[in-house]
Amino acid sequence: MSTTTNDSNLKNWGLLILLSLIWGSSFILIKRGLEVFSPGEVGAYRIVAAATFLLPLSIPRIRNLDKSQIKNLIIVGLVGSFIPAFLFAKAQTQLSSSLTGVLNALTPLAVVVIGALFFNSKITRRNGIGLAIAFIGVFILVTVKEGSGFGAFTDINSYAFFVLLACVCYGFNLNIIKYKFVKLKPIEITAISLLMVLPMALVYLMAGTQFSYKVVNMNGAILALGYVTLLGVMGTAIALIIFNVMVKTATPVFAASVTYIIPIVAIFWGVLDGEVLLLGHYIGIVAVIIGVWFGNRKKIIQS
Numbered sequence: 001m002s003t004t005t006n007d008s009n010l011k012n013w014g015l016l017i018l019l020s021l022i023w024g025s026s027f028i029l030i031k032r033g034l035e036v037f038s039p040g041e042v043g044a045y046r047i048v049a050a051a052t053f054l055l056p057l058s059i060p061r062i063r064n065l066d067k068s069q070i071k072n073l074i075i076v077g078l079v080g081s082f083i084p085a086f087l088f089a090k091a092q093t094q095l096s097s098s099l100t101g102v103l104n105a106l107t108p109l110a111v112v113v114i115g116a117l118f119f120n121s122k123i124t125r126r127n128g129i130g131l132a133i134a135f136i137g138v139f140i141l142v143t144v145k146e147g148s149g150f151g152a153f154t155d156i157n158s159y160a161f162f163v164l165l166a167c168v169c170y171g172f173n174l175n176i177i178k179y180k181f182v183k184l185k186p187i188e189i190t191a192i193s194l195l196m197v198l199p200m201a202l203v204y205l206m207a208g209t210q211f212s213y214k215v216v217n218m219n220g221a222i223l224a225l226g227y228v229t230l231l232g233v234m235g236t237a238i239a240l241i242i243f244n245v246m247v248k249t250a251t252p253v254f255a256a257s258v259t260y261i262i263p264i265v266a267i268f269w270g271v272l273d274g275e276v277l278l279l280g281h282y283i284g285i286v287a288v289i290i291g292v293w294f295g296n297r298k299k300i301i302q303s
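Taking the UniProt record's numbering, I'd label the letters of the sequence shown as residues 1 to 303.
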């Protein structure tokens, strides 16, 4: 193996760990934002903060794009940022930040399935087994009722499906970036895709919510605003730049493997914040991570 290859691999692993720390901390920031703002307000302002931060990079570059690139960037902005921002905030109104971070680990398997269905990639037997194990874990996680003992499969927490839908969005996003953007740089993909959805986020935030009123009048609003601003700038803008660099220099599945470490970080913050995980939750967490790991041990997306 050449020195250049070793350096590239080292860089990718370094980015993977950094991104895991940033995104693993996103769920506790969402939780803090929801103490004052509604899920829609948290999701929309997250996009506004991220897109505004990147305006100096996005505006000068947009004039060089053709219609096809703009169309694909709108799609990336929607499925890679806008829609998931709302879905995760909505999910965390009924899910702990720890469990949300764990369910997010299904992203690599969503990449495989979406790639196979829409991007002519191959899905292997290993992928299928990994999917089966992971979804057993998901079933356990969504049927263990918080506050009761293991085995209390009395209610399915439907809010988990918001996270699963977000993972599907990420699956489309990863494959589009890898296969539709050969020439654009990661910073261009990130900045311009966020610019494309900025107007929608602004209109929703200012015309469809009480966001401005809460910022001015509610106790704790400024602190919550700070948390969501950090979420947007670090957890969306900067993290997406790092993520897109990984997608372009490695593989979509390696980039999505950030979700192996995210649950550890999310659980750390959740437990530190007083969240309680039951025995059933731990079993489900282990099943999800084993399933995702097993299904992605080898390079599984082939063009």
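In this text, a Cβ means the ideal position worked out from N, Cα and C, and glycines have one as well.
- In its chain, beyond the 5 residues on either side, 141 and 281 have a beta carbon closer than 7 Å to the beta carbon of residue 99.
- Assignment of alpha helix (DSSP H) within the segment 193-220, counting only whole runs of 4 or more residues, yields 211-217 in chain order.
- With respect to residue 54, residue 194 sits close: the two C-beta atoms are nearer than 8 Å.
- In the three-state reduction of the DSSP assignment, residue 41 falls in the helix class.
- Annotation: the continuous alpha helix (DSSP H) that includes residue 160 extends over 160-180.
- Under the 10 Å beta carbon count, residue 254 is surrounded by 16 or more other beta carbons and is classified as buried.
- In the structure shown, the three-state DSSP call for residue 188 is helix.
- Judged by DSSP in its simplified three-state form, residue 12 adopts helix.
- The C-beta of residue 227 has 16 or more other C-beta atoms within 10 Å across all chains shown, which makes the residue buried.
- Taking 8 Å as the cut-off, the Cβ atoms of residue 41 and residue 211 count as close.
- In this structure the segment 69-87 does not touch the segment 16-26; the number of beta carbon pairs closer than 8 Å is below three.
- Between the segment 123-136 and the segment 286-297 there are three or more C-beta pairs closer than 8 Å, enough to call the two in contact.
- The alpha-carbon of residue 71 is positioned some 14 Å away from that of residue 63.
- Residues of the same chain with a CB within less than 6 Å of the CB of residue 116, apart from the 5 flanking positions on each side, are 123 in chain order.
- Cα atoms of residue 166 and residue 114: separation of roughly 13 Å, rounded to the nearest angstrom.
- Residue environment for residue 158: exposed (fewer than 16 other C-beta atoms within 10 angstroms of its C-beta).
- The closest CA to that of residue 9, considering only 245, 292 and 269, is found on 245.
- Burial check for residue 189: the Cβ neighbour count within 10 Å reaches 16 or more, so the residue is buried.
- Judged by DSSP in its simplified three-state form, residue 123 adopts coil rather than helix or strand.
- Counting every other CB atom within 10 Å of its CB across the protein chains shown gives residue 91 a total of 16 or more, marking it as buried.
- About 5 Å separates the CB atoms of residue 31 and residue 97; that is less than 8 Å, so the two are in contact.
- Note on residue 13: under 16 other CB atoms within 10 angstroms of its CB, so exposed under the neighbour-count rule.
- Sequence-distant partners of residue 177 (beyond 5 residues in either direction) whose C-beta falls short of 7 Å from its own C-beta, in its chain, are 76, 189, 244 and 247.
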